[in-house]
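Enquirer: In terms of numbering that gives the first Met the number 0, the sequence shown opens at residue 0 and continues consecutively.
Where is the CB? At the ideal position from N, CA and C, for every residue including glycine.
Quick one: the structure is below, questions incoming.
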Amino acid sequence: MAEDIPFRLVERHTAGAIRAGISLDRLLEESSITRRYGDNRDVVSPLQYMLLCLNTTLAIEDANHGLAKASLGPLYGPVALRMSAAYKTLREMLVALCRFYSSTSAAMHYKLDVASATATLSLAVDAWSDQEAAYNEELQLSWLFATCMQFLGYPLPVSQVTVRDHLHHNLGQRHWAMGGPVRHGKVTSFSFPLRFLHAVPAPGSAPALFWDCHKHWLDFVSGSRTVHSVTDYVTDMGAVRFADIVKASGKSANTVRHRLQTRHGGFREARRRTLVQAATDRLRSSDESVETIADEYGFSDARSFRRFLKNATGLTPKEIRQSAGAEQSEIDGRALAKLKQLTESLGI
0 MAEDIPFRLV
10 ERHTAGAIRA
20 GISLDRLLEE
30 SSITRRYGDN
40 RDVVSPLQYM
50 LLCLNTTLAI
60 EDANHGLAKA
70 SLGPLYGPVA
80 LRMSAAYKTL
90 REMLVALCRF
100 YSSTSAAMHY
110 KLDVASATAT
120 LSLAVDAWSD
130 QEAAYNEELQ
140 LSWLFATCMQ
150 FLGYPLPVSQ
160 VTVRDHLHHN
170 LGQRHWAMGG
180 PVRHGKVTSF
190 SFPLRFLHAV
200 PAPGSAPALF
210 WDCHKHWLDF
220 VSGSRTVHSV
230 TDYVTDMGAV
240 RFADIVKASG
250 KSANTVRHRL
260 QTRHGGFREA
270 RRRTLVQAAT
280 DRLRSSDESV
290 ETIADEYGFS
300 DARSFRRFLK
310 NATGLTPKEI
320 RQSAGAEQSE
330 IDGRALAKLK
340 QLTESLGI
């Protein structure tokens, strides 16, 4: 099961397009995204998110999504993907593509470092704000990871992903797009075992290479979700541990508390939304009884759990389970057809 992506990332992603006069509603509609709640409880699937990335790129003709001080043409991604097949090793391919992207957009500064048994690919982007730079760096590195996967014919085993967002939704977990464990740091990067720099390309080349790359990436994302124990996130009283959030962020308790207040309405509200999302995900992804889930999430009984969910979502546990499958399958079907059409039309 693929990991849902918080709607706040959609808002960050579309900020440049909105500045350019593109309607958010238009981008959401074209990406098969419908807001259910109208607040931070809303999430999107990786498929919808990838479709949004393409739609934003095409709407403003910029693969940097209007989030950098220099644009990147919409066709550079497909061109780089086609170029990658010409190189004999992953190292040659990465060096060439880093130079290619840096020369086509003055705002992008890639670097490949080798130390001991680890290789690290990092990116710094000149942007209108540090937040937009950090977001775009992560997004572009995610695409380069997908390019590596297409080149190799299998996912590059990422040992670490470093992000500059103190409250990244994957901190302490595996990155939704690259699979490696996520930590906070000063430079956006991903690392992998050094020996893979000598890896050779997979034989053959798909005729619809751009679409094939997205399809393989989606397959990887859909199958790479790590199922964590609820105790990783929730105490026996049903509360996310504030101390763990502080530890994962690497910042002071006051800094984290301030960011939670400004971005999520405070720790208590963030905790409530997290518990709602975790409980909803568990109901949709398992056939465990409501009583079992209620007990694991720290509720005194199933009745209290049902009341909590009803107040938060307007649905009972049974209704949450019944609504998940058919509705999401229909949405995913439309989104996948659109993604295939767009990627095939952009293929070089």
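Taking only three categories from DSSP, how would you classify Phe-298?
Expert: To locate residue 298, count along the sequence shown from 1; it is residue 299. In this structure, Phe-298 counts as coil in the three-state DSSP scheme.
Enquirer: Going by alpha carbons, who is nearest to Phe-144 out of Tyr-36, Gln-159, Ala-133 and Ala-132?
Expert: As a working mapping, residue 144 is identified with position 145 in the sequence shown. When only C-alpha atoms are compared, the closest one is Gln-159.
Enquirer: What are the boundary residues of the beta strand (DSSP E) that includes Val-162?
Expert: One-based indexing of the sequence shown puts residue 162 at position 163. Looking at the DSSP string, the run of the beta strand (DSSP E) that includes Val-162 is 159-162.
Enquirer: Sorted by chain position, which residues of the same chain lie with C-beta nearer than 7 Å to Thr-161's C-beta, five sequence neighbours on each side aside?
Expert: Taking the sequence shown and counting its residues from 1, the one referred to as residue 161 is at position 162. Taken in chain order, the residues that qualify are Arg-182, Gly-184, Val-186, Thr-187 and Ser-188.
Enquirer: Hey, His-12 and Thr-55 are a contact pair by Cβ (cut 8 Å); roughly how many whole angstroms apart?
Expert: Along the sequence shown, read from residue 1 onward, the residue named residue 12 stands at position 13. Along the sequence shown, read from residue 1 onward, the residue named residue 55 stands at position 56. Right, their Cβ atoms sit about 6 Å apart.
Enquirer: In three-state DSSP terms, what is His-227?
Expert: Here residue 227 is taken as the residue at index 228 of the sequence shown, counted from 1. Because His-227 carries a pLDDT of 38, less than 50, the predicted location of this residue cannot be relied on, and no value is offered for it.
Enquirer: Kindly indicate which residue of Cys-212, Leu-193 and Pro-5 has the alpha-carbon position closest to the one of Gly-152.
Expert: Position 153 of the sequence shown, counted from the first residue, corresponds to residue 152. Per the Cα distances, Cys-212.
Enquirer: Leaving out five residues before and five after Ala-207 in sequence, what residues of the same chain have Cβ atoms less than 6 Å from its Cβ?
Expert: Locating residue 207 in the sequence shown gives position 208, counting from the first residue. Glu-343 and Gly-346.
Enquirer: Tyr-109 and Cys-97 look like a contact to me (Cβ under 8 Å); what is the Cβ gap, rounded to whole Å?
Expert: The count along the sequence shown starts at 1 and reaches residue 109 at position 110. The count along the sequence shown starts at 1 and reaches residue 97 at position 98. Indeed, because the Cβ distance is near 4 Å, the residues count as touching under 8 Å.
Enquirer: Among residues of its own chain, excluding the 5 on either side of Ala-106, which ones have a beta-carbon nearer than 6 Å to its beta-carbon?
Expert: Against the sequence shown, residue 106 aligns to sequence position 107. If we look at Ala-106 and ignore the five residues flanking it on each side, its Cβ neighbours are Ala-67, Lys-68, Ala-69, Val-124 and Asp-125.
Enquirer: Short check: CB of His-168 to CB of Pro-5, under 9 Å?
Expert: Within the sequence shown, numbered from 1, the residue matching residue 168 stands at position 169. Within the sequence shown, numbered from 1, the residue matching residue 5 stands at position 6. Yes, these two residues count as a Cβ contact at 9 Å.
Enquirer: Please report the straight-line C-alpha distance between Ser-190 and Ala-311, rounded to a whole angstrom.
Expert: As a first step, residue 190 is located in the sequence shown; it is residue number 191 there, counting from the start. As a first step, residue 311 is located in the sequence shown; it is residue number 312 there, counting from the start. Straight-line Cα distance between these residues: approximately 39 Å.
Enquirer: Is the CB of Ala-62 under 9 Å away from at least one CB in chain C?
Expert: Among the chains in the structure shown there is no chain C, since it carries only a single protein chain.
Enquirer: Report the rounded CA-to-CA distance for Gly-171 versus Pro-180, giving the unit in angstroms.
Expert: Numbered from its first residue, the sequence shown carries residue 171 at position 172. Numbered from its first residue, the sequence shown carries residue 180 at position 181. Whole-angstrom Cα-Cα distance: 6 Å.
Enquirer: Tell me, please, which residues DSSP counts as bridged to Pro-192.
Expert: Mapped onto the sequence shown, residue 192 falls at position 193. Its beta-bridge partners are Thr-117.
Enquirer: Exposed or buried, what is Thr-279 when buried is set at 16 or more other beta-carbons lying within 10 Å of its beta-carbon?
Expert: Here the question's residue 279 lines up with position 280 in the sequence shown. Result: buried.
Enquirer: Do Ser-30 and Val-42 have their beta-carbon atoms positioned less than 9 Å apart in this structure?
Expert: Counting from one through the sequence shown, the residue named residue 42 turns up at place 43. Counting from one through the sequence shown, the residue named residue 30 turns up at place 31. No, they are not a contact pair.
Enquirer: Based on the DSSP secondary-structure assignment, which residues constitute the bridge partners of Ala-123?
Expert: On the sequence shown, residue 123 is found 124 positions in, with the first residue counted as 1. Answer by DSSP bridge pairing, in chain order: His-108.
Enquirer: Among the residues of its own chain, which have a CB less than 8 Å from the CB of Ala-79, if the five just before and after it don't count?
Expert: Start at 1 with the first residue of the sequence shown, and residue 79 comes out as number 80. The residues are Leu-96, Phe-99, Tyr-100 and Thr-146.
Enquirer: If you run the structure through DSSP and keep just helix, strand and coil, what is Val-199?
Expert: Within the sequence shown, residue 199 is the residue found at index 200, counting from 1. If DSSP states are grouped into helix, strand and coil, Val-199 belongs with coil.
Enquirer: DSSP state of Pro-180, grouped into three classes?
Expert: Residue mapping note: residue 180 aligns to position 181 of the sequence shown, counting from 1. Here Pro-180 sits in strand by DSSP.
Enquirer: Would Gln-47 and Ala-336 qualify as a contact pair, given that the criterion is a beta-carbon distance under 9 Å?
Expert: For the purposes of this step, residue 47 is identified with residue 48 of the sequence shown, where counting begins at 1. For the purposes of this step, residue 336 is identified with residue 337 of the sequence shown, where counting begins at 1. In this structure, Ala-336 does not lie closer than 9 Å to Gln-47 by Cβ.
Enquirer: Quick check on the burial criterion: 16 or more other C-beta atoms within 10 angstroms. Buried or exposed for Val-113?
Expert: On the sequence shown, position 114 is the one that residue 113 refers to. Val-113 should be labelled exposed.
Enquirer: Less than 9 Å between the beta carbons of Val-9 and Leu-51, yes or no?
Expert: What you label residue 9 is simply residue 10 of the sequence shown in a count that begins at 1. What you label residue 51 is simply residue 52 of the sequence shown in a count that begins at 1. Yes, they are a contact pair.
Enquirer: Could you tell me the distance, in whole angstroms, from the CA atom of Glu-137 to the CA atom of Trp-175?
Expert: To locate residue 137, count along the sequence shown from 1; it is residue 138. To locate residue 175, count along the sequence shown from 1; it is residue 176. For Glu-137 and Trp-175, the distance between alpha carbons rounds to 11 Å.
Enquirer: Taking the C-alpha atoms as reference points, what is the distance between Thr-117 and Pro-192?
Expert: Residue numbering aside, residue 117 sits at position 118 when the sequence shown is read from its first letter. Residue numbering aside, residue 192 sits at position 193 when the sequence shown is read from its first letter. If you take the alpha carbons of Thr-117 and Pro-192, they lie about 5 Å apart.
Enquirer: Between the alpha carbons of Lys-339 and Ala-16, how many angstroms are there, rounded?
Expert: As a position in the sequence shown, residue 339 is number 340, starting the count at 1. As a position in the sequence shown, residue 16 is number 17, starting the count at 1. Answer to the nearest angstrom: the Cα atoms are 22 Å apart.
Enquirer: For the putative contact between Met-148 and Leu-140, defined by C-beta atoms under 8 Å, what is the C-beta separation to the nearest angstrom?
Expert: Counted from its first residue, the sequence shown places residue 148 at position 149. Counted from its first residue, the sequence shown places residue 140 at position 141. Wrong, their Cβ atoms sit about 13 Å apart, outside the cutoff.
Enquirer: Identify which residue in Ala-301, Glu-2, Gln-276 and Gly-297 has its Cα closest to the Cα of Pro-288.
Expert: Taking the first residue of the sequence shown as 1, we reach residue 288 at position 289. In the sequence on display, residue 288 carries Ser and not Pro. It is Ala-301 whose Cα lies nearest to the Cα of Ser-288.
Enquirer: Using alpha carbons as the reference points, say which of Arg-7, Ile-32 and Ala-19 lies closest to Gly-332.
Expert: In the sequence shown, residue 332 corresponds to position 333, counting from 1. Per the Cα distances, Ile-32.
Enquirer: At a cut-off of 8 Å, would you count Tyr-36 as near the ligand COA, judging by its Cβ distance to the nearest heavy atom?
Expert: As far as ligands go, the structure on display features none, and thus does not contain the ligand COA.
Enquirer: Could you say which of His-215, Leu-282, Asn-39 and Arg-256 lies nearest to Arg-271 if we only look at CA atoms?
Expert: Taking the sequence shown and counting its residues from 1, the one referred to as residue 271 is at position 272. When only C-alpha atoms are compared, the closest one is Asn-39.
Enquirer: From Ile-119 to Leu-166, what distance separates their C-alpha atoms?
Expert: Here the question's residue 119 lines up with position 120 in the sequence shown. Here the question's residue 166 lines up with position 167 in the sequence shown. Looking at the sequence itself, residue 119 is Thr, so the reference to Ile does not match. Cα-Cα distance, rounded: 22 Å.
Enquirer: Which whole-angstrom value is the C-beta distance of Gly-76 and Ala-62, which I expect to be below 8 Å?
Expert: Counted from its first residue, the sequence shown places residue 76 at position 77. Counted from its first residue, the sequence shown places residue 62 at position 63. Contact holds; Cβ gap of about 6 Å.
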